[in-house]
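Following: one structure in structure tokens, then a few remarks.
In my numbering, the protein residues as written are 84 to 245.
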């Protein structure tokens, strides 16, 4: 009969293992916002104008009043920089340049973007953190299988035999 002690232990063990694997995969695919500094010193710019631009573009941000910094969602950092460049603010963290001529502001922004494409770091790309979380989740599942599940299954299966 399948409902002997060995079968019940195996079923409980498999359900527990699947629950852990599902939890790790959900964690790896979780899309929690990660904020990155956009403006290092809010005292140097018109913060109301910048907040208005970010609100119009529906970009999540928060300001650290104590340290005078503005943080934006890392996934929308480029959109924030483009939107601010349209309004004359060119931001190359931590430097901010205010232009009266919007064409010059946009040209400088495009020049900075081209430099980033050539010299950009891997960990500064928006797809890096989700990929890292997925790899860490996969590594956790593999370690769980090799160090916990395999020895436990061996012990359960050999319990009745020996």
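C-beta atoms are modelled at their ideal positions from N, C-alpha and C, and glycine is treated no differently.
Quick caveat, the model's predicted, so the values are computed rather than measured.
Identify the residues that DSSP records as bridge partners of residue i: which are they?
i           : result
residue 155 : 119, 144
Is the separation between the beta-carbon of residue i and that of residue j shorter than 7 Å?
i           : j           : result
residue 216 : residue 111 : yes
residue 146 : residue 153 : yes
residue 107 : residue 224 : yes
residue 121 : residue 148 : no
residue 159 : residue 174 : no
residue 151 : residue 124 : yes
I need the DSSP call for residue i, collapsed to helix, strand or coil.
i           : result
residue 208 : coil
residue 128 : coil
residue 113 : coil
residue 88  : helix
residue 150 : coil
If contacts are defined as beta-carbon pairs under 8 Å, then residue i and residue j qualify, I think. What distance do you get, rounded to the angstrom?
i           : j           : result
residue 248 : residue 232 : Past the edges of the chain, shown from 84 to 245, lies residue 248, and the structure says nothing about it.
residue 262 : residue 239 : With the chain covering 84 to 245 only, the question about residue 262 has no answer from this structure.
residue 96  : residue 236 : 7 Å
residue 188 : residue 168 : 5 Å
residue 157 : residue 118 : 7 Å
residue 172 : residue 133 : 7 Å
residue 204 : residue 89  : That pair is no contact at about 53 Å.
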